[in-house]
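Note sheet for the following structure.
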Amino acid sequence: MDRVPLGQRDATRSNPAGLTARQLEVLRLVAAGLTNTEIAERLVVSQRTAEHHVAAVLTKLGVTSRRAAARRAVELGLEPAPDR
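In terms of the numbering used here, the sequence shown opens at residue 1096 and continues consecutively.
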């Protein structure tokens, strides 16, 4: 049986905020101004799952608002590309 690797993926470790690929995707959508409902539709997940992703992004970035998350992303050089 193959072993499941433990710990973060290389892409997550190399991200300055420790965001996963999915969280980066969510951050880009948040920065583009999408609501949780719109994010859920775009990612084909439940609204509750979208809410959890957004909350995780805000926590990892150390911010309390969507606007602050977008600003923090730019500061960290993540510069989300809005694509609404």
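Built from N, CA and C at the ideal position, the CB exists for glycine as well. Note that the structure is predicted; figures quoted are calculated from it, not measured.
- In the three-state reduction of the DSSP assignment, V1139 falls in the coil class.
- Residue A1126 holds the alpha-carbon nearest to the alpha-carbon of R1162 among P1111, A1126, Q1118.
- Each residue's CA atom was taken as its position, placing T1132 and T1144 some 10 Å apart.
- The continuous alpha helix (DSSP H) containing A1116 extends over residues 1116 to 1126.
- Burial of A1164 is indicated by the presence of at least 16 other C-beta atoms within 10 angstroms of its C-beta.
- Here V1149 carries a helix assignment [DSSP, helix/strand/coil].
- Rounded to whole angstroms, the separation of the alpha carbons of A1116 and T1159 is 21 Å.
- The Cβ atoms of P1111 and G1172 lie closer than 9 Å to each other.
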